[in-house]
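Presented below is the structure to which this report refers.
Numbering (our numbering), first residue to last: 351 to 1075.
Spelled out as structure tokens, the structure:
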């Protein structure tokens, strides 16, 4: 039975949390009875001292206890002197601090707001306020009144579309008092001009405001939306016919209207029609520039290491590394340091890619070359650094690059002789363009990666296109080395690539196991038991640091969400510390790059300290990072993570659930990527049918990219190399 709505009112004591994006707030409210309670909801930005009238329901949060969940909020005049002083001293009026607020309230009492509005000349009765300051105070209050009125009108019209207070305030800040009028005329401006608004939201608003379904603004926004969606799917372009099909489905208008708008967008160069391949203009330019730069770089010929010295240094490297290089490895090191300025090194697990990087680094250092090592993610760069024994960084950190500044590109130019980029399969088109922009002619570039892994999250499939172009120097490693050949993890991952289902019979001495558990509920319990008890006891593993559950998707009984809660309940049953969502000892993962804190998407750490009074939480990654409440929204539990989030990492043990509930994501490349994250032990839990489905679905997730063709065009000298600096 649904709870009945109730009304409460009180004074804002303090703001615990505010999300600028959606207006969600957590505040402490002093009720009329004097009791302090927690209020949550889309309350917009509130100020201490404000008097709020709220309608909502009381809820019992398992983490935070009893709190009031507000549906509507009405702001009133603070009812007592203390609240008035706090209200006036907040950021509502520039230049009024606690002392001036005290004087105003002492002079006019609870009539102070009315005096400001109706008798502003009387403000000069207060010491320190002249005519100019009185006028400024009145302007601030009236502006606040006008802002509230406009926001209230916008809220009345837009809340029904799921647009919260945070976005409504963004609209007001962008358009001011004319916001509602503008939305009536062209709501599709929201998509271009304000972050966080998509076509579908604008389209719902337009339908209520009687915008014609075939208006130019709607058709333009709809066609561009189709290309935006394609980029989210990893494509750099759409075939013209597919773009038209998608646009007709989205816009529900005749084809000739789509064709007409397409011609206008092509004429304005907002999109590019490249032989019936339709690009957003920016992505066509990115592909063209990447092709131009990589071919140009490959044609430079920096001075190579003399053959006699190379052989001597390779012997030193072998001795220091304690191994004997194969002819494949000799050839790869010689190529990048003596022959080529660009070399792509690719191969599956166990083929010796990391050994070659280590040899290249040692020989380069013996020759006095300046070099840098990098990878797309923090975990990948850490793994590279540990394997080679030299510092490595993320590409972003190496170049001092922030994607939000890409419009004004100013990356650090690299004054080095050799750059090694590992885990290249994760690098998208834009990031590779930025990287190439930072490399000066004469610098050698070693690109290392496994093209059979999942492609980048962002648009493009750069590594595969570089290889498939057949115009760049390539070393493809195929020999599985003796030690690796004894690993079933290595052997089964290669079998999977060739469409062979792994053997499900288990050998106690093996490093690869399949536990057949058709029931998903029992499968979840089995995974929890494996992580918390069986594997730590049998293999002396730390359940938080050494074992990683990797899943195809978030949802489902054996998805990341359910597994995180179930594993956490056993490994770390402590309750979260208010006002945070995490407890001491929780395993957490960063969900997006945070350049201010210096943590990156996919970084995993342990909650080390929580200071509820200062509202700070410390997470130990490679180093301790201090989060405030708002920045913790970028964290999630990491006892179980998705395959995409696991890319670039390597852990002693992985546990992978495979069930037909994950059908949409059961793919050969996804399974291969997950298994190759395991260093010592891989345990699959699930249904043999799901395993068969995953292996049986080959590489059918190809992306629409034109980089391969543009590299060939550049290599043929068809004008793309002009002006290379």
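For glycine and all other residues, C-beta sits at the position ideal for the given N, C-alpha and C.
{"Item": "Residue 743 - partner residues in DSSP beta bridges", "Value": "724"}
{"Item": "Element boundaries [beta strand (DSSP E), containing residue 416]", "Value": "415-426"}
{"Item": "Which listed residue (373, 386, 411) has its alpha carbon closest to that of residue 359", "Value": "386"}
{"Item": "Reduced DSSP secondary structure (H/G/I, E/B, other) of residue 576", "Value": "helix"}
{"Item": "Cβ contact (3+ pairs, closer than 8 Å) linking the stretch 997-1015 and the stretch 722-739", "Value": "yes"}
{"Item": "Three-state secondary structure (DSSP) of residue 713", "Value": "helix"}
{"Item": "Check whether residue 1057 and residue 815 have beta carbons under 9 Å apart", "Value": "yes"}
{"Item": "Residue ranges of each beta strand (DSSP E) within the stretch 877-901, 3 or longer", "Value": "897-901"}
{"Item": "9 Å Cβ cutoff met for residue 522 and residue 533", "Value": "no"}
{"Item": "Buried/exposed call for residue 757, threshold 16 Cβ in 10 Å", "Value": "Legend: pLDDT at residue 757 = 44, less than 50; position of this residue unreliable, no value from coordinates given."}
{"Item": "Cβ pair residue 673, residue 705 closer than 9 Å", "Value": "yes"}
{"Item": "Residue 914 - containing alpha helix (DSSP H), residue span", "Value": "910-921"}
{"Item": "Cβ-Cβ separation, residue 389 to residue 417 (assumed contact under 8 Å), whole Å", "Value": "7 Å"}
{"Item": "Simplified DSSP state of residue 756, which is helix, strand or coil", "Value": "Residue placement at residue 756 is poorly supported in this model, since its pLDDT is 49, which falls under 50; the coordinates still yield a value, given next. Correct three-state label for residue 756: helix."}
{"Item": "Through-space distance from residue 986 to residue 870, alpha-carbon basis", "Value": "23 Å"}
{"Item": "Cβ-based burial, residue 943 [other Cβ within 10 Å; buried from 16]", "Value": "buried"}
{"Item": "Nearest to residue 594 (by Cα), restricted to the options 607, 585, 973", "Value": "607"}
{"Item": "Limits of the unbroken beta strand (DSSP E) element including residue 967", "Value": "966-970"}
{"Item": "Bridge-paired residues (DSSP) for residue 862", "Value": "1032"}
{"Item": "DSSP three-state assignment for residue 403, whether helix, strand or coil", "Value": "strand"}
{"Item": "Alpha helix (DSSP H) segment containing residue 450, residue limits", "Value": "448-458"}
{"Item": "Inter-stretch contact (C-beta, 8 Å, three-pair minimum) for the stretch 800-814 and the stretch 584-603", "Value": "yes"}
{"Item": "Beta-carbon gap between residue 831 and residue 700 smaller than 9 Å", "Value": "yes"}
{"Item": "Identity of the residue in 745, 662, 752 nearest residue 717 by Cα", "Value": "662"}
{"Item": "Identity of the residue in 467, 620, 752 nearest residue 950 by Cα", "Value": "752"}
{"Item": "Alpha helix (DSSP H) runs wholly inside the stretch 572-648, at least 4 long, in chain order", "Value": "590-601, 605-617, 631-648"}
{"Item": "Spatial neighbours of residue 882 in its chain, beta-carbon cut-off 8 Å, leaving aside the 5 residues before and after", "Value": "893, 917, 920, 921"}
{"Item": "Check whether residue 423 and residue 402 have beta carbons under 9 Å apart", "Value": "yes"}
{"Item": "DSSP-derived helix/strand/coil call for residue 984", "Value": "helix"}
{"Item": "Option in 1067, 1017, 1025, 1052 with minimal Cα separation from residue 1043", "Value": "1017"}
{"Item": "Cβ-based neighbour list, residue 992, same chain, cut-off 8 Å, excluding 5 preceding and 5 following", "Value": "900, 901, 902, 903, 904, 910"}
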